[in-house]
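In the numbering used here, the protein residues as written are 710 to 1091.
First comes the structure, then the notes that go with it.
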Ligand code: SF4
């Protein structure tokens, strides 16, 4: 990495009870239970975002819903409102531990919702493993695995005849719907016992660089299917939003259509809906150019940003043939994993990275927004 000023790594994720300061106020992150919002919850969040925040609502890459522009003064009333909707945990610690991403493609006939309730209870129990704030679980237990690329540490996923317990590696351990949650919790305790909390950034991947998994991880995982695109799914309509952000009015309009499943792809699945109505700001087509760009809040909304990100991403979207991640700094919040193309803002202009993360090694440095929009740099790189 050259010429990148190191971003501040917080080591924890904001929650509702423990919000994070950003350039436009406090960011209050709500974790929907089992990845689902009832219409009343979604409508309530929309009202609270308009009343106590700046009306902007983000979807996060961990399938959470973020209210922006909250103030110290408005935060207590917002929490009271969210508590009334059943969206607040007993403590900030309990909230931080309930870090579970659930496949939005679950059906009543699969074990996903039952496992989500069981895992939620296990992580709230007095003897729950004391895990680092970014440590997360995935329930990818619908017909096909689709959540292989999310940032997490322990997966329970569909594996043919059995469920599988897995980490990032290609091999997994067969488990049953009956013992799956107990096995996942046991693996979390193993992670702590092996010193994983103080290892690297307190993530499973850091520990596994030098520590083999315990016995039993010998079954190959099923190949993951591609991330779904906006449009019809067996469970309803999947809809996207420019940069995963919407106005409170948009969420209120969606709440009238049915329960909402929150995805880690910054999209919502509207349960049982056959066709999405023409609500402004909704991405309903798989070929929408805005789906090719990912951009974090950037300047001025984020205090760590070296440049504005979204206007540049919006300007570049029509010329792209592959995914572009524009990041306001090397932290890469909007897309922690590698992207085909990444532009990272630095104090000395944008760095262009091929097949890497926002902190990867640049092919080019010192690029201005004008260089990028007025010359075919992005379409001509190998
Ligand atoms: S990646 Fe973007 S949102 Fe994250 S800290 Fe950097 S500038 Fe802020």
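Just so it is clear, CB atoms sit at the ideal spot from N, CA and C, and this is done for glycine as well.
The structure presented is a predicted model; accordingly, all values stated were derived computationally and were not measured.
Straight-line gap, residue i to residue j (C-alpha atoms, nearest Å)
| i | j | result |
| --- | --- | --- |
| residue 807 | residue 865 | 15 angstroms |
| residue 964 | residue 927 | 44 angstroms |
| residue 1022 | residue 1037 | 11 angstroms |
| residue 740 | residue 773 | 5 angstroms |
| residue 946 | residue 940 | 5 angstroms |
| residue 736 | residue 870 | 42 angstroms |
| residue 1048 | residue 1062 | 9 angstroms |
| residue 712 | residue 1057 | Any answer about residue 712 is weak, because its pLDDT of 45 lies below 50 and its placement is not dependable; what the coordinates show is given next. Each residue's Cα considered, the two are about 8 angstroms apart. |
| residue 848 | residue 826 | 11 angstroms |
| residue 911 | residue 843 | 8 angstroms |
| residue 729 | residue 762 | 13 angstroms |
| residue 906 | residue 1081 | 41 angstroms |
| residue 886 | residue 978 | 25 angstroms |
| residue 943 | residue 815 | 10 angstroms |
Backbone secondary structure at residue i - three-state DSSP
| i | result |
| --- | --- |
| residue 752 | helix |
| residue 928 | strand |
| residue 728 | coil |
| residue 1021 | helix |
| residue 771 | coil |
| residue 886 | coil |
| residue 738 | strand |
| residue 875 | strand |
| residue 969 | strand |
| residue 745 | strand |
| residue 804 | helix |
| residue 916 | helix |
Residues near residue i by beta carbon distance below 6 angstroms, same chain, minus five either side
| i | result |
| --- | --- |
| residue 961 | 752, 755 |
| residue 750 | 794 |
| residue 892 | 874, 884 |
| residue 758 | 764, 766, 776, 957 |
Neighbourhood of residue i by C-beta distance below 8 angstroms, restricted to the same chain and skipping five residues each side
| i | result |
| --- | --- |
| residue 990 | 950, 951, 955, 956, 959 |
| residue 781 | 735 |
Assigned exposure category for residue i - 16 Cβ within 10 Å defines buried
| i | result |
| --- | --- |
| residue 981 | exposed |
| residue 760 | exposed |
| residue 983 | exposed |
| residue 918 | exposed |
| residue 666 | There is simply no residue 666 to check, as the chain begins at 710 and stops at 1091 in what is shown. |
| residue 1075 | exposed |
| residue 1067 | buried |
Neighbourhood of residue i by C-beta distance below 7 angstroms, restricted to the same chain and skipping five residues each side
| i | result |
| --- | --- |
| residue 1004 | 952, 1018, 1019, 1022, 1035, 1043 |
| residue 897 | 838, 840, 863 |
(request) Jot down the residue ranges of each uninterrupted beta strand (DSSP E) in the segment 810-870, minimum 3 residues, whole runs only, in chain order. (result) 846-849, 863-868
Going along the chain, which unbroken runs of the beta strand (DSSP E) with 3 or more residues stay wholly within the segment 1027-1080? 1033-1036, 1048-1055, 1058-1065, 1073-1076
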